[in-house]
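To convert, note that position 28 of the sequence shown is 39 in the working numbering; the numbers rise steadily by one, no gaps.
Note that beta-carbon positions come from the ideal geometry of N, C-alpha and C, so glycine has one too.
From a predicted model like this one, the values you see are computed outputs, not experimental measurements.
Heads up, the thing below is written out as structure tokens.
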Amino acid sequence: MTSATTRGVDRVAKAGTGALAQTGNIVQLFVDVARQTFVRPFQWREFIQQAWFIASVTILPTALVAIPFGAIVSLQTGSLIRQLGAESFTGAASVLVVIQQGAPLVTSLLVAGAAGSAVTADLGSRTIREEIDAMKVLGINPIQRLVVPRVLAMILVATLLCGLVSVVGIAGGYFFNVIVQDGTPGAYLASFSALAQLPDIYVAEVKAAVFGVIAGVVAAYKGLNPKGGPKGVGDAVNQGVVITFLLLFFANLIITAVYLQIVPAKGS
Numbered sequence: 012m013t014s015a016t017t018r019g020v021d022r023v024a025k026a027g028t029g030a031l032a033q034t035g036n037i038v039q040l041f042v043d044v045a046r047q048t049f050v051r052p053f054q055w056r057e058f059i060q061q062a063w064f065i066a067s068v069t070i071l072p073t074a075l076v077a078i079p080f081g082a083i084v085s086l087q088t089g090s091l092i093r094q095l096g097a098e099s100f101t102g103a104a105s106v107l108v109v110i111q112q113g114a115p116l117v118t119s120l121l122v123a124g125a126a127g128s129a130v131t132a133d134l135g136s137r138t139i140r141e142e143i144d145a146m147k148v149l150g151i152n153p154i155q156r157l158v159v160p161r162v163l164a165m166i167l168v169a170t171l172l173c174g175l176v177s178v179v180g181i182a183g184g185y186f187f188n189v190i191v192q193d194g195t196p197g198a199y200l201a202s203f204s205a206l207a208q209l210p211d212i213y214v215a216e217v218k219a220a221v222f223g224v225i226a227g228v229v230a231a232y233k234g235l236n237p238k239g240g241p242k243g244v245g246d247a248v249n250q251g252v253v254i255t256f257l258l259l260f261f262a263n264l265i266i267t268a269v270y271l272q273i274v275p276a277k278g279s
């Protein structure tokens, strides 16, 4: 009984130590990426290719997800606000939810799931083929050559897609509120400025950029450190996506809490 308990404690301690070590390595990679971003020459060709690839695999799924998301927000808020007798604020509440929370989260999840997994698989396959080691032998920094363009491409595409999700989500919410719930088009549009304000757009773009950094760094770390050959690359892809999702939600919580403390709500 005692030996089994000891083994259990040892396993927990080992898992905790491994998690802390992995966290430290990810932070170190982030610092290296930030430092290598300003090293010349910048890999413009790689950056443009990666930005185009990430955009091509995420634009359509992001737009398709944004439509039902905006519809759900509009239907739910419309039903709740109607019970409270404040139908004139349906548009304001829907826009606030879509811009502040929905747009950056939907964007980041699709960027992490589609683009992040592709980056992990690409770098992981290069690692197990020893291409990364060959670059180091030739005096080429793989972080400056491969990781930096991918992380910056994720940041750029995430910020642009955040705007796309905002527009598509608001349009979907407008359609379902006016057509399905028999809302007033003029009241829906006029209430935009009742609760929403310009800093809401700023914080949404900041969230999208931060989420792009997290997705890019975690994907690159997992791709550069696969274990167990080709099977390890597949495991690294799965682990990278799960870790990214967890970090994204924690980062969203922290940024939202700080924003609500710094920027007062409109009308308060």
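Length of the line joining the Cα atoms of residue i and residue j
| i | j | result |
| --- | --- | --- |
| Gly35 | Val191 | 50 Å |
| Gln155 | Asp246 | 25 Å |
| Val42 | Val159 | 11 Å |
| Ile166 | Lys233 | 18 Å |
| Pro79 | Ser85 | 10 Å |
| Gln208 | Ala82 | 21 Å |
| Asn263 | Lys218 | 7 Å |
| Ile254 | Val109 | 24 Å |
| Ala66 | Pro237 | 26 Å |
| Phe260 | Glu141 | 34 Å |
| Ile257 | Val50 | Rather than Ile, the amino acid found at residue 257 in this sequence is Leu. The straight-line gap from Cα to Cα measures roughly 31 Å. |
| Trp63 | Gln111 | 26 Å |
| Met146 | Gln60 | 20 Å |
| Gly239 | Thr131 | 15 Å |
| Asp211 | Thr267 | 10 Å |
| Ile273 | Ala123 | 28 Å |
| Pro196 | Ala103 | 13 Å |
| Met12 | Lys242 | Because the pLDDT of Met12 is 47, which lies under 50, any placement of that residue in the model is unreliable, and the number read from its coordinates should be weighed accordingly. Distance between the alpha carbons of Met12 and Lys242 is about 36 Å. |
| Ala182 | Val76 | 13 Å |
| Leu91 | Gly180 | 19 Å |
| Val248 | Ala30 | 17 Å |
| Ala226 | Val68 | 15 Å |
| Thr48 | Ala125 | 24 Å |
| Val178 | Leu149 | 47 Å |
| Ala230 | Pro275 | 35 Å |
Buried/exposed call for residue i, threshold 16 Cβ in 10 Å
| i | result |
| --- | --- |
| Phe187 | buried |
| Arg46 | exposed |
| Arg161 | buried |
| Gly184 | buried |
| Tyr213 | exposed |
| Ala32 | exposed |
| Ala201 | exposed |
| Leu157 | buried |
| Thr28 | exposed |
Pair within 8 Å by beta-carbon distance, residue i and residue j
| i | j | result |
| --- | --- | --- |
| Thr73 | Leu121 | yes |
| Val269 | Val176 | no |
| Gly251 | Ser128 | yes |
| Ala164 | Phe53 | no |
| Leu71 | Leu235 | no |
| Leu271 | Leu206 | no |
| Val244 | Ile139 | yes |
Other residues of its chain near residue i: CB distance less than 6 Å, five sequence neighbours each side excluded
| i | result |
| --- | --- |
| Asp144 | none |
| Pro153 | Ile143, Met146 |
Span of the alpha helix (DSSP H), counted from its first residue to its last, around residue i
| i | result |
| --- | --- |
| Phe256 | 240-273 |
| Arg140 | Element bounds for Arg140: n/a, residue is neither H nor E. |
| Gly113 | Run containing Gly113: none; DSSP gives neither H nor E here. |
| Arg2 | Outside the displayed range of the chain (12 to 279) lies residue 2, so it cannot be described from this structure. |
| Ala207 | Segment: none, Ala207 is in no alpha helix (DSSP H) and carries neither H nor E. |
Close beta carbons around residue i, own chain, < 8 Å, minus the five adjacent residues each side
| i | result |
| --- | --- |
| Cys173 | Ala114, Pro115, Thr118, Ala215, Glu216, Lys218, Ala219 |
| Val224 | Phe41, Val162, Met165, Ile166 |
| Val221 | Ala262, Ile266 |
| Thr88 | Thr101, Ala104, Ser105, Val108 |
| Val168 | Ala62, Ile65, Ala66, Thr69, Val122, Ala126, Gly223 |
| Asp193 | none |
Close-in-space but distant-in-sequence residues of the same chain around residue i (CB under 7 Å, 5 per side omitted)
| i | result |
| --- | --- |
| Val228 | Ile37, Leu40, Phe41, Val44, Val162 |
| Trp55 | none |
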